[in-house]
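Numbering (full-length UniProt numbering), first residue to last: 1 to 273. Just so it is clear, CB atoms sit at the ideal spot from N, CA and C, and this is done for glycine as well. Encoded as structure tokens, the structure appears first; notes follow it.
Written out as structure tokens, the structure reads:
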């Protein structure tokens with residue numbers, strides 16, 4: 001048994017000692033959705049700090065817990081506060097929560113994030129359906145000994161973001177009359193924002209949005225057979241696209257401004273999955 005898998009199983013055992021809730025789907029909450037679970041009838045919650053060996057998020061404002069609840073009748077495990085590569089954790093720890101939610105029973109996962117718009121047609125406050133991603137800027141989470149218990153050594157990534165789930169997001173946005181952009185997300189390491197040259201590179205490569213999470217989680221989830229969908233909240237224009245300096249306060253303000261719509265969209269998607 002690999003050290004990574006052994007650690008994962010310890011975390012699984014630790015959670016199972018606290019709840020026997022079996023989710024059908026998982027949700028990772030990005031900026032603007034941090035309080036999404038507060039309005040739900042929570043059936044169980046587990047703080048990351050209470051899970052043996054679990055990486056604890058150091059980002060201010062991230063609550064750091066798993067919430068187990070039914071959303072529109074769907075049993076869900078919801079991650080309030082994700083772990084980022086820029087916090088100094090190895091990539092295997094960054095994707096451990098995703099893998100853990102899969103082991104707990106989730107067959108589908110909704111990934112959400114705040115991202116910088118790279119496409120000039122985007123504006124702050126837009127939502128972008130992630131149709132594909134680029135991870136060249138961060139280590140692949142599958143590097144190292146393959147965990148055969150989770151998936152194959154060389155998994156296909158032709159359709160990381162399940163086409164049927166993408167269609168459900170489109171229909172949910174149409175029903176709610178929420179404008180929806182679509183595009184390719186590129187994950188950078190962070191925590192510094194990208195340079196104007198890096199954003200030009202991203203655009204040249206076909207990227208539409210840039211951020212510091214999500215793609216690695218999508219790779220890990222796809223590796224173990226989970227169906228993935230992703231939605232970005234475009235909180236700002238990326239470096240070099242305007243004269244304004246990048247500021248995390250601006251990112252948070254935009255995410256908070258559109259959080260009500262974001263919650264509505266996510267809930268409507270969950271209804272149908």
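Tell me the DSSP secondary structure of residue i in three-state form.
{"i": "residue 99", "result": "helix"}
{"i": "residue 161", "result": "strand"}
{"i": "residue 176", "result": "helix"}
{"i": "residue 189", "result": "coil"}
{"i": "residue 262", "result": "helix"}
{"i": "residue 17", "result": "coil"}
{"i": "residue 82", "result": "coil"}
{"i": "residue 210", "result": "strand"}
{"i": "residue 42", "result": "strand"}
{"i": "residue 280", "result": "In the structure displayed, the chain extends from 1 to 273; residue 280 sits before or after that span and is not available."}
{"i": "residue 228", "result": "strand"}
{"i": "residue 111", "result": "strand"}
{"i": "residue 75", "result": "strand"}
What's the call for residue i, buried or exposed, on a 16-neighbour Cβ count within 10 Å?
{"i": "residue 323", "result": "Since the displayed the chain opens at 1 and closes at 273, residue 323 lies outside it and no answer follows."}
{"i": "residue 168", "result": "buried"}
{"i": "residue 76", "result": "buried"}
{"i": "residue 219", "result": "buried"}
{"i": "residue 154", "result": "exposed"}
{"i": "residue 16", "result": "exposed"}
{"i": "residue 88", "result": "exposed"}
May I ask you to list the residues that DSSP assigns as paired with residue i?
{"i": "residue 132", "result": "184"}
{"i": "residue 29", "result": "80"}
{"i": "residue 237", "result": "117"}
7 Å is my cut-off, CB to CB: does residue i come that close to chain D?
{"i": "residue 1", "result": "Reference to chain D is not applicable here, since this structure consists of a single protein chain."}
Write down the C-beta distance between residue i and residue j rounded to the nearest angstrom, noting that I regard them as a contact closer than 8 Å.
{"i": "residue 263", "j": "residue 33", "result": "7 Å"}
{"i": "residue 274", "j": "residue 99", "result": "Absent from the model: residue 274. The displayed extent of the chain is 1 to 273, so no value can be given."}
{"i": "residue 72", "j": "residue 271", "result": "4 Å"}
{"i": "residue 350", "j": "residue 185", "result": "This structure gives no information on residue 350, because the portion of the chain shown stretches from 1 to 273."}
Quick one: any contact between the region 115-125 and the region 78-86, if contact means 3 or more CB pairs under 8 Å?
-> no
Count the CB pairs spanning the region 123-134 and the region 33-44 that are closer than 8 Å, and state whether there are at least three.
-> no
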